[in-house]
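J.: Start counting the sequence shown at 2; every next residue gets the next number (the numbering used here).
A virtual CB, placed ideally from N, CA and C, is assigned to each residue, including glycine.
All values derive from a computational prediction rather than experimental measurement.
Pasting a structure here, questions to come.
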Amino acid sequence: IFAKHRFDYIFHLAGQIDVRKAVSDPRADAEINILGIINLLQEARTTKIKKFIYASSGGAVYGEPEKMPVPENAPIRPLSPYGVSKYAAEKYLETFGRLYRLPYAILRYANVYGPGQNSHGEAGVVAIFINHLLKKERPSLFAFGKNKRDYIFVDDVAEANLKAMAGRENAVYNIGTGKTTTTEELFQIISQELKSKIKPRLEPARPGEVEAISLDARLAAAELSWQARVSLPAGIRQTIQWFLENRKSI
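Printed below as a string of structure tokens:
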């Protein structure tokens, strides 16, 4: 593709995103998330792109934070091979930036959700819950529904990527709301929107999963003039509407 086309910007959002798969098969996770970015960087360094923008995971690289919301300069202590591979990819990007003067921006996303999300894997709990309830199935709430996450709507994330194009070079930004919602609270919001009476299964926590995380995005607000605008209930309503309109194709 690089032989046929010239690119001004590269947005690297592809990857293996399932924490459980990373725990069970860390080699495959590393091959996709680490070797994948190395392959792209090898191509990018030979072309004069304006910026390489990488989608990292604020929900995974920090591990269990000492305080919340978590700032970008917090200790990096991933709990899973997935978090390790995402951070390793960041370091490769930083290294290529120094070696080859490759401008970049790293965006550490909170838990992204929204229309079009895959509901058949293990990642993307909003889509999974909606899909289960529409099919009249009981979803599982791990950690007995007590895990806390920072949920960010996909439109807000897309805007952050666009603003990073013109932002400071070689910067790292958290992209999140700074708020936490338990899995149980999330399920209740979705259930209320769908008017569902289905009760979830409460299951123990799974290995490699962070107990609680939210991201401090004040740096993105200050330098990119970005902030999350879509509330969780509003974003869930849009996501449910998409699922209702596309039920036959998902």
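Between which two residues does the beta strand (DSSP E) carrying VAL173 extend?
T.: By one-based count along the sequence shown, residue 173 stands at place 172. Counting along the chain, the beta strand (DSSP E) containing VAL173 begins and ends at 172-176.
J.: How long is the line joining the alpha carbons of THR47 and VAL127, rounded to whole angstroms?
T.: If you number the sequence shown from 1, residue 47 lands on position 46. If you number the sequence shown from 1, residue 127 lands on position 126. Taking the straight line from one Cα to the other gives about 40 Å.
J.: The alpha helix (DSSP H) that contains ARG219, what's its start and end?
T.: Here residue 219 refers to the residue found at position 218 of the sequence shown. Looking at the DSSP string, the run of the alpha helix (DSSP H) that includes ARG219 is 219-225.
J.: What beta strand (DSSP E) runs, 3 residues minimum, are completely inside the region 124-175?
T.: With a minimum length of 3 residues, the continuous beta strand (DSSP E) runs that stay inside the region 124-175 are 152-154.
J.: Going by Cα to Cα distance, which pick from GLY168, GLY16, TYR152, HIS133 is closest to ALA223?
T.: What you label residue 223 is simply residue 222 of the sequence shown in a count that begins at 1. When each option's Cα is compared against that of ALA223, the closest is GLY168.
J.: Measure the C-alpha to C-alpha separation of TYR114 and ALA15 and round it to an integer number of angstroms.
T.: Numbered from 1 along the sequence shown, position 113 holds the residue referred to as residue 114. Numbered from 1 along the sequence shown, position 14 holds the residue referred to as residue 15. Rounded to the nearest angstrom, the two C-alpha atoms are 15 Å apart.
J.: Can you check whether the CB of SER215 is closer than 8 Å to the CB of ASP156?
T.: Counting from one through the sequence shown, the residue named residue 156 turns up at place 155. Counting from one through the sequence shown, the residue named residue 215 turns up at place 214. No, the pair does not count as a contact, with Cβ atoms beyond the cut-off.
J.: Under a three-way DSSP split, which group does ASN112 fall into?
T.: What you label residue 112 is simply residue 111 of the sequence shown in a count that begins at 1. Of the three classes helix, strand and coil, the one that applies to ASN112 here is strand, per DSSP.
J.: Would you list the residues sitting across from LEU203 in a DSSP beta bridge?
T.: The residue given as residue 203 occupies position 202 in the sequence shown. LEU142.
J.: Give me, in chain order, the residues of the same chain whose beta-carbon lies closer than 7 Å to that of ALA45; leave out the 5 immediate sequence neighbours on both sides.
T.: As a first step, residue 45 is located in the sequence shown; it is residue number 44 there, counting from the start. Within the same chain, ALA45 has close Cβ partners ILE11, PHE53, LEU103.
J.: Buried or exposed for THR182, please, with buried defined as at least 16 other CB atoms from any protein chain shown within 10 angstroms of its CB.
T.: Residue numbering aside, residue 182 sits at position 181 when the sequence shown is read from its first letter. It is buried - the Cβ of THR182 has at least 16 other Cβ atoms within 10 Å.
J.: Taking ALA253 and TYR63 to be in contact with their CB atoms under 8 Å, please state how far apart those CB atoms are, rounded to whole angstroms.
T.: Any property of residue 253 remains undetermined from this structure, which presents the chain solely from 2 to 251.
J.: Taking the C-alpha atoms as reference points, what is the distance between ARG257 and LYS49?
T.: Given a span of 2 to 251 for the chain in the structure shown, any question on residue 257 remains unanswerable.
J.: My output table needs one value for PHE188: the three-state DSSP class, helix, strand or coil.
T.: Counting from 1 along the sequence shown, the entry for residue 188 is found at position 187. Looking at PHE188 - three-state DSSP - the assignment turns out to be helix.
J.: By DSSP's criteria, THR182 is part of a beta bridge. Which residues make up the other side?
T.: Numbered from its first residue, the sequence shown carries residue 182 at position 181. In DSSP, THR182 forms a bridge with ARG150.
J.: Please work out which residues of its chain come closer than 6 Å, Cβ to Cβ, to PRO72, disregarding the five sequence neighbours upstream and downstream, and give them in chain order.
T.: On the sequence shown, residue 72 is found 71 positions in, with the first residue counted as 1. Only ASP217 meet the Cβ criterion.
J.: Considering only residues of the same chain and omitting the five flanking positions on each side of LEU42, which have a CB-CB separation below 8 Å?
T.: As a first step, residue 42 must be located in the sequence shown, where it is residue number 41. Counting only Cβ-Cβ distances below 8 Å, and skipping sequence neighbours, we find PHE53, TYR93, LEU94, PHE97, LEU103.
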